[in-house]
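Visitor: Using the working numbering, the first residue of the sequence shown is number 243, and each one after it goes up by one.
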Amino acid sequence: MSLSAPAAPVVTTGDPSPFLYPVALNVRGRRCVVVGGGSVGARKAMALLAAEAVVTVIAPEAGEALRVLAQDGRVTFLSEMFSPEQLEEAFLVIAATNRSEVNQMVAEAARARGVLLNLAAEAEEEAGDFAAMATVRRGDLVIGVTTGGAGPALTSRVRQDLEARFGLYWENYVALLGAMRGVAKREIADPDERAKALRRLAASEEVRRRMAGSEGSA
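Rendered as structure tokens:
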């Protein structure tokens, strides 16, 4: 008599989520609006600031983190209820309130003006134009993770795994590869040979081990 492993359960979730086209969005110098003054709004504002956006936050009240950003002059804080005209000349808006009716108002105003929309609340039925991915940044290396809203806890776990996999030394490693690319452009005339040399460098375990070792001894 032989025993076989039980079949894995089949899980159905209704209509599949739409496939999201992954992009890295350039918001440098562009007006980006965050609606919501809580912790979620603060995280979104800080992420936009890291990308050098010009950030406006709109909320009747702001939490401590946003108050500090406003006091430091890093964001423009409008202590008032959201109104559609506040999206004039905005590049994107993030609706990050805990009130569905406000988030819906933001969505309608964004659609009417062609402003890119992100709905931060997990429970919102209407999808925005983009999902803000969980990211791991090591200098010019940026790795994004998203489950399309289906599994935020899994997204967080994968991000933590990637942080452990790609240590801080990767910032210097990527910078080295960028510098060597410049050298290769000057020194190796043949494009195919240049590409081969750069691929060998990128695949070198010895270089990565040395970089990791220098981080551990710092």
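Using N, Cα and C, we set each Cβ at its ideal position, and we do this for glycine too.
Between the Cα of residue 422 and those of 437, 405 and 432, spot the shortest distance and give me the residue it belongs to.
Guide: Position 180 of the sequence shown holds residue 422. With distances taken between Cα atoms, residue 422 lies closest to 437.
Visitor: Looking only at its chain, what residues have a beta carbon closer than 8 Å to the beta carbon of residue 291, apart from the 5 residues adjacent to it on each side?
Guide: For the purposes of this step, residue 291 is taken as the residue at position 49 of the sequence shown. The residues are 297, 311, 316 and 317.
Visitor: With distances taken between CB atoms, is the gap from residue 392 to residue 362 smaller than 8 Å?
Guide: Residue numbering aside, residue 392 sits at position 150 when the sequence shown is read from its first letter. Residue numbering aside, residue 362 sits at position 120 when the sequence shown is read from its first letter. Result no, Cβ atoms of residue 392 and residue 362 do not sit closer than 8 Å.
Visitor: Is it right to say residue 324 is buried, meaning 16 or more other beta carbons lie within 10 angstroms of its own, or is it exposed?
Guide: Here the question's residue 324 lines up with position 82 in the sequence shown. Buried.
Visitor: Nearest-angstrom Cα distance between residue 352 and residue 300?
Guide: Start at 1 with the first residue of the sequence shown, and residue 352 comes out as number 110. Start at 1 with the first residue of the sequence shown, and residue 300 comes out as number 58. When rounded, the distance between both Cα atoms is 14 Å.
Visitor: Judging by CA-CA distance, which residue of 449, 404 and 405 is the nearest neighbour of residue 419?
Guide: As a working mapping, residue 419 is identified with position 177 in the sequence shown. The option with the nearest alpha carbon to residue 419 is 449.
Visitor: Between which two residues does the beta strand (DSSP E) containing residue 386 stretch?
Guide: For the purposes of this step, residue 386 is taken as residue 144 along the sequence shown, with counting starting at 1. Segment 383-387, the beta strand (DSSP E) holding residue 386.
Visitor: From 380, 321, 331 and 333, pick the residue whose C-alpha is nearest to that of residue 407; which is it?
Guide: Taking the sequence shown and counting its residues from 1, the one referred to as residue 407 is at position 165. When each option's Cα is compared against that of residue 407, the closest is 380.
Visitor: Which residue wins for smallest C-alpha separation from residue 284, given the options 435, 303 and 331?
Guide: The residue you call residue 284 lines up with position 42 of the sequence shown. With distances taken between Cα atoms, residue 284 lies closest to 303.
Visitor: Under 6 Å Cβ to Cβ from residue 371, same chain only, skipping five residues before and after it: list those, please.
Guide: Walking along the sequence shown from the start, residue 371 turns up at place 129. 358 and 359.
Visitor: With DSSP run on the structure shown, which of helix, strand or coil describes residue 340?
Guide: If you number the sequence shown from 1, residue 340 lands on position 98. Residue state, collapsed to three classes: coil.
Visitor: Just reading off the beta strand (DSSP E) that residue 426 is part of, what are its end residues?
Guide: Position 184 of the sequence shown holds residue 426. Counting along the chain, residue 426 falls outside any beta strand (DSSP E), though it belongs to the alpha helix (DSSP H) covering 411-429.
Visitor: Buried or exposed: which applies to residue 411, given that a residue is buried once 16 or more other Cβ atoms fall within 10 Å of its Cβ?
Guide: As a position in the sequence shown, residue 411 is number 169, starting the count at 1. Buried: at least 16 other Cβ atoms inside 10 Å.
Visitor: What's the call for residue 378, buried or exposed, on a 16-neighbour Cβ count within 10 Å?
Guide: As a first step, residue 378 is located in the sequence shown; it is residue number 136 there, counting from the start. Buried, because 16 or more other Cβ atoms sit within 10 Å of the Cβ of residue 378.
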